[in-house]
Amino acid sequence: MDKPLLITLPKIVDPRGNLSFFEHPNQLPFEIERTYWIYDVPGGEVRGSHAFKEQQEFIIALSGSFDIVLNDGIKEERFSLNRSYYGLYIPKMYWRRLENFSTNSLALIVSDKSYNSEDYIRDFEEFKTLVNEK
Ligand code: TYD
1 MDKPLLITLP KIVDPRGNLS FFEHPNQLPF EIERTYWIYD VPGGEVRGSH AFKEQQEFII
61 ALSGSFDIVL NDGIKEERFS LNRSYYGLYI PKMYWRRLEN FSTNSLALIV SDKSYNSEDY
121 IRDFEEFKTL VNEK
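For the sequence shown, position 68 (counting from the first letter as 1) is numbered 68 according to UniProt numbering, and the numbering increases by one without interruption.
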């Protein structure tokens, strides 16, 4: 998939507490290589502000809420995540910024690649040049 996509996950409603899940290939378009999470974000902080050359990710607000702002080199799109039963699929080569974190929010991120600092593009002008070459 080469477009961002909000993916609604199954929700097993239960008076004992609800349950949601995702697995490849039913909900998730890639196999998971790595999982990390972002938490204890002070008010007003911004995470991300980079793109990945190869890595794809799927991000869920497991708790609380935050916004993901994606830029494809031409236009910007904002996704507000505030439920634990859907998440945002982000293909490679999208500039992303995570912001507006609510108190106690928890961002779960799964990726198809292990951590590789070489996969990051941290300069927006470089990103625009690379993305427009394609
Ligand atoms: P970074 O991806 O730049 O954070 P964000 O995009 O949320 O602002 O990562 C911050 C630091 O954490 C950076 O020094 C690399 C390290 N890191 C790892 O060692 N492993 C990981 O899986 C991730 C995501 C980051």
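All C-beta atoms in this analysis are idealised placements derived from N, C-alpha and C, irrespective of residue type, glycine included. None of the values given here were measured: they were computed from a predicted structure.
Query raised in the report: Could you check where the beta strand (DSSP E) with PHE58 kicks off and where it finishes?
Result: 57-63
Requested in this report: Name, in chain order, the residues that DSSP records as bridge partners for SER20.
Outcome: DSSP lists LYS11 as the bridge partner or partners of SER20.
Report task. Report whether the distance from the Cβ of TYR115 to the nearest heavy atom of the ligand TYD is below 6 Å. Result -> yes
Query - Per-residue burial, GLU57 [other beta carbons within 10 Å of its own, 16 or more giving buried] - result: buried
Query raised in the report: Using a Cβ-Cβ cut-off of 7 Å (strictly less than) and excluding sequence neighbours within five positions of LYS92, which residues of its own chain qualify?
Result: PHE52, LYS53, GLU54, GLN55 and GLN56
Report task. Please look up how many angstroms separate the CB atoms of LEU9 and GLY87, rounded, as I've assumed it's under 8 Å. Result -> 7 Å
Query - Proximity winner among PRO25, VAL110, GLU33 and HIS50, relative to SER117 (alpha-carbon distances) - result: Checking every option, the nearest Cα to that of SER117 belongs to HIS50.
Report task. Give every residue of the same chain whose Cβ lies closer than 6 Å to the Cβ of GLY73, excluding the five residues on either side of it in the sequence, and list them in chain order. Result -> Hits under 6 Å: LYS128, VAL131 and ASN132.
Query - Buried versus exposed, by CB contacts within 10 Å (16 or more), LEU6 - result: exposed
Query raised in the report: Helix, strand or coil for SER114 per DSSP?
Result: coil
Query - Same chain, Cβ closer than 6 Å to ASP67, five either side skipped, listed in chain order - result: ARG78, SER80, GLU99 and ASN100
Query - DSSP beta-bridge partners of ARG34 - result: Looking at the DSSP assignment, ARG34 forms a beta bridge with SER111.
Requested in this report: Below 8 Å CB to CB, which residues in the same chain sit around SER63 once its five sequence neighbours on both sides are set aside?
Outcome: SER84, ASN104, SER105 and LEU106
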